[in-house]
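Here is the structure we will look at, set down as structure tokens.
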Amino acid sequence: MTDLNILLAGFGGQGILFTGKVIAYAGMMEGSEVSWLPSYGPEMRGGTANCSVCLSDRAIGSPLVVTPDVLVAMNLPSLEKFENDVMPGGLIIVDSSIIAKKVSRTDVKAVYLDASGIAESNGLKGAANMVILGRMFKETGFCSEENLDKGLQKSIPPKKAALIDSNRKAIRLGMES
Amino acid sequence: MSMAERVLMKGNEAIAEAAIAAGCRHFFGYPITPQTEVAAYMSKRMPKVGGVYLQGESEVASINMVLGAGAAGVRVMTSTSSPGISLMAEGISYIAGSDVPCLIVNVQRGGPGLGGIQPSQADYCQATKASGHGDFHMLVFAPSTVQEMVDLVAGAFELGDKYRMPAMILSDGMLGQMMEPVALPEHREIEDSKEWAARGHGGKRAHNVINSLYINPQELEDLVKARYEKYAVIKEREQRAEEYLADDADIIVVAFGASSRVSRSAVDMARKAGIKAGLVRPITLWPFPEKFLAKHADHAKAFLSVEMSMGQMVDDVKLAIGCRKPVGFYGRTGGVIPTPKEVFDAIVKTNGGVQR
Amino acid sequence: MTVKGERPHALLDVPLHYCPGCTHGIVHRLVAEVIDELGIEGRTVGVASVGCSVFTYNYFGCDMVQAPHGRAPAVATGVKRARPEDVVFTYQGDGDLAAIGMGETVHAAARGENIVAVFINNAIYGMTGGQMAPTTLPGQVTQTTPYGRDVKTAGNPIRVCELLSSLDGVALAQRVTVDCVKNVKEAKRAIKKAFEYQMAGKGYCIIEVVSTCPTNWGMSPKDAIQWLRDNMLPYYPLGVYKDVGEGGQ
């Protein structure tokens, strides 16, 4: 891998920023240069949240992902806004439990994942983001499985360590989807 | 110093932790996006390290609390974003006029006025030339990574103390909000040894007066001139910049902070396209790293200043190279971050097209 | 009035720049006497303001910091937070404290900032030559209220002690004057109490001294004292507006 530029987008509260953090930490454990840049300000409150994550084997220039290799869309406005920015040959992961629309481009790989449904039917309500992360990992192999798990552990503060297991489970579900 | 474990940290939080590591135990500030994490972090950490965090009622009050604590001889800082610096301009001028060291962090956002909250570099002139009324300068540092934000904080405090003047970290919303891996420095104890400070004379010396008022014009002129002699020494000794592929470059891109990251990517693209592009990245904005630019003025065909403003640094580049070569400009403003492709296109244009 | 006794140690042996009949000199002496009596000159830091009292840093023997106009409470806050063991006071006029610096004043008071404010209220801007102050009386003629202060357009004067006394952070708010020996003694008692309260960690203390400005009032020193009694004191009654007492915090 040389460069992987990832854009995660959805509603505030879906765990977009957290997902980005797990990816960034996992990339760091893998030995990559990483950056994580959130959208910030009023647009976050009740509106859309997005997060740019860059993984590279060289120093990262702009941390703002304008033309993502991977787009994770967790709501319709995000898919509509960013679909055309994805690099040809790139990957779009759509949370199909929320978004009914299909990707119209033909030069990218589109993956439709009933992430919320999978999470809920396994008693992991609210972990759709981790299901998607598991699938993204499967599609890209951006790090080793061991480092993905380390990234998860690093991203959860010690006080909330009890949450590691449920997140781990959700990631596994995504990998097996 | 042992290499600490790297952690992912937001630039704003990293600056705060670095300041604590550098012995700063006094923080005064007022909330404003996109720097609020600095204050939030300080409010959490200062009580744990025996320090003082105080939220002032305004930026005006906060910078004057900084003046008071700095005058009393402690290592002190504040942080704000662009509109807050305008409010602090009065206090900054007094701090400089009273020869009080302190650290001021500006996490820039778009302006003028209330502007926006997205990243900007449009406070360059304010930081380097006009941070308040009167003849004075601040030391101004421009980090481009979260690690460098950490690394520059201790040095900014130290040079501020050494030269008895305010220092500024000129950051922006992108660097403040982004996370990167960072190794934090070990905590250091600092000596409480500022003999000039107003901290109580203990009956052992004449009273110290921290003051910027000189009614006699000759006295004031002498004092300001002495300060400018100090500035001349600083210009000679403290210029800092990073050079990237600059030694054989035809086109030298000049960019600092956030725009330098974009420019580095653009320089790589240009090299791949057969253009001999290079980058000089000012780390000190005041003193401006003239030496690092002047030495390329003979071999370079042209310079290109890339900024997130309307070109506030262009004149400084021209002066640094004695106007010997053309200086172009590419920038975005208002909170827009330029893309590497845009900067690459500007390099191509400056070069008169692609060469193979 | 003749002031007896030797110069207090905390008052430096330099000529004051104040006009004849101005009460700044008396108040300076009282503050210096209090510092001497408490034996705290070596750990006191004064904060000078902007206005006629701008040069106090030349007069007091303790360490001094000169603050921007109105910002003395913020500067004093910084000093006190940096050096909690020091005794910190501001010396401010009415324009500095109650106009441009009202925000800093109210918030320092509300925080219960452990500082003393010595507040000189002479109902006029002295340094700039006699313009309207926030405490200028209704009908009072100044350079910028040439027809007398019309409260309909220029607003009403501010009674600072009354205003601040509503704040929980205030330990002592007292208005005094220095028009006669008895009142001078009371003023000194109040200033001393304020310093003692700070040393006991009780919070923000303000001593408002109703003062004269013969030059800008356009009167002789003697007439100015009478004008103060006839006009200032009825509008700004002397007294204690808040006192948390010995046990209070």
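Residue numbers (this note's numbering), protein chains in the order written: chain A, 11 to 187; chain B, 904 to 1259; chain C, 2 to 250.
Ideal Cβ positions, reconstructed from N, Cα and C, are used throughout, including at glycine.
As the structure is a computational prediction, the values presented were derived from the model and not from experiment.
Using DSSP's beta-bridge definition, name the partner residues of residue i.
i	result
H929 (chain B)	B:V955, B:V979
C61 (chain A)	A:L18, A:P48
F1044 (chain B)	B:I1072, B:T1187
I70 (chain A)	Note: I70 (chain A) sits in no beta bridge, so no partner.
Y205 (chain C)	C:V171
G240 (chain C)	C:R176
K119 (chain A)	A:L101
R182 (chain A)	DSSP, once it has assigned bridges, lists no residue as partnering R182 (chain A).
E43 (chain A)	A:S66
V80 (chain A)	A:I16, A:L101
P1022 (chain B)	B:R1012
I1113 (chain B)	C:V66
Closer than 6 Å by C-beta to residue i: which residues in its own chain qualify, once you throw out the five before and the five after it? Chain order, please.
i	result
V1013 (chain B)	With the sequence shown as reference, residue 1013 (chain B) is identified as Gly, and Val is not the correct amino acid for it. Excluding positions up to five away in sequence, the list reads G1019, Q1021, S1023, G1237, G1238.
Q141 (chain C)	R150
L14 (chain A)	L65, D79, F152
M1216 (chain B)	Y1027, S1208, E1210
Q1121 (chain B)	none
A34 (chain A)	V44, W46, V63
A922 (chain B)	M980, V1056
E1193 (chain B)	A1223
So residue i is in the beta strand (DSSP E); what residue range does that whole segment cover?
i	result
N15 (chain A)	13-21
C1005 (chain B)	1005-1011
V1157 (chain B)	1154-1157
Which residue marks the beginning of the alpha helix (DSSP H) containing residue i, and which one marks its end?
i	result
E156 (chain A)	155-165
T57 (chain C)	57-60
N94 (chain A)	Premise fails: N94 (chain A) is in no alpha helix (DSSP H) and is neither H nor E.
M1082 (chain B)	Segment 1082-1086 is the beta strand (DSSP E) holding M1082 (chain B); no alpha helix (DSSP H) there.
E1146 (chain B)	From DSSP, E1146 (chain B) is part of no alpha helix (DSSP H) but of the beta strand (DSSP E) over 1144-1147.
K947 (chain B)	939-948
A1169 (chain B)	1160-1175
K913 (chain B)	Where K913 (chain B) is concerned, there is no enclosing alpha helix (DSSP H), although the beta strand (DSSP E) it sits in stretches over 909-913.
A972 (chain B)	962-974
R1235 (chain B)	Looking at the DSSP string, R1235 (chain B) is not in any alpha helix (DSSP H), and its letter there is neither H nor E.
W1099 (chain B)	Element bounds for W1099 (chain B): n/a, residue is neither H nor E.
M233 (chain C)	Segment: none, M233 (chain C) is in no alpha helix (DSSP H) and carries neither H nor E.
N184 (chain C)	182-200
E1124 (chain B)	1120-1140
Y1027 (chain B)	1027-1031
V1053 (chain B)	1049-1066
A100 (chain C)	Looking at the DSSP string, A100 (chain C) is not in any alpha helix (DSSP H), and its letter there is neither H nor E.
K1252 (chain B)	1243-1253
I142 (chain A)	138-150
With 9 Å as the threshold, decide whether the Cβ of residue i is near any Cβ in chain E.
i	result
L1123 (chain B)	Annotation note: the requested chain E is absent from the structure, which comprises protein chains A, B and C.
Leaving out five residues before and five after residue i in sequence, what residues of the same chain have Cβ atoms less than 7 Å from its Cβ?
i	result
L957 (chain B)	F931, M968
K1221 (chain B)	V1230
R1268 (chain B)	This structure gives no information on residue 1268 (chain B), because the portion of chain B shown stretches from 904 to 1259.
E105 (chain C)	G71, R72, P74, A75
V15 (chain C)	N59, Y60
I1224 (chain B)	L1196, A1197, A1200, F1206
Cutting at 8 Å between CB atoms, please list the residues of its own chain near residue i, excluding the five before and the five after it.
i	result
A1161 (chain B)	P1022, Q1024, S1047, D1075, M1077, L1078, M1211, I1240
H18 (chain C)	F56
D169 (chain C)	A111, G113
V121 (chain A)	L101, I102, I103, V104, R145, E149
V1251 (chain B)	A1173, A1176, I1178, V1257
E1083 (chain B)	L911, M912, G914, T1048, V1049, Q1050
S905 (chain B)	Unreliable positioning characterises S905 (chain B) in this predicted model, as indicated by a pLDDT of 40, which lies under 50. A coordinate reading is not provided.
K193 (chain C)	V35, E38, L39
S212 (chain C)	C23, T24, H25, V28, I121, N122, N123, T178, V179, L229
### Query
At which residue ranges does the region 1177-1232 of chain B contain complete alpha helix (DSSP H) runs of 4 or more residues, listed in the order of the chain?
1193-1197, 1217-1223
### Entirely enclosed alpha helix (DSSP H) segments - the region 9-96 of chain C, minimum 4 residues
25-39, 57-60, 73-83
### Message
Does the region 61-75 of chain C come into contact with the region 958-978 of chain B, if we say contact requires no fewer than three beta-carbon pairs (one atom in each stretch) closer than 8 Å?
### Response
yes
### Task
Spell out a yes or no on whether the region 83-101 of chain C and the region 115-133 of chain C are touching, meaning 3 or more CB-CB pairs, one atom from each, closer than 8 Å.
yes
### Task
Determine, using beta-carbon pairs with one atom in the region 126-144 of chain C and one in the region 106-115 of chain C, whether at least three such pairs fall under 8 Å.
no
### Message
Measuring CB atoms only, is the region 9-24 of chain C touching the region 100-117 of chain A, in the sense that at least three cross pairs come out at less than 8 Å?
### Response
Cβ pair count under 8 Å is below three, so no.
#### Entry: Length at least 3, wholly inside the region 102-158 of chain C: the beta strand (DSSP E) runs in chain order
117-122
### Task
Determine contact between the region 133-140 of chain C and the region 174-189 of chain C, defined as no fewer than three beta-carbon pairs at a distance below 8 Å.
no
### Query
Can you find at least 3 beta carbon pairs, one from the region 1181-1197 of chain B and one from the region 1034-1046 of chain B, that sit closer than 8 Å?
yes
### Query
Is it true that the region 169-178 of chain A meets the region 1057-1077 of chain B, where meeting means three or more beta-carbon pairs spaced less than 8 Å apart?
no
### Message
Any contact between the region 944-961 of chain B and the region 996-1004 of chain B? By contact I mean 3 or more CB pairs, one from each, below 8 Å.
### Response
no
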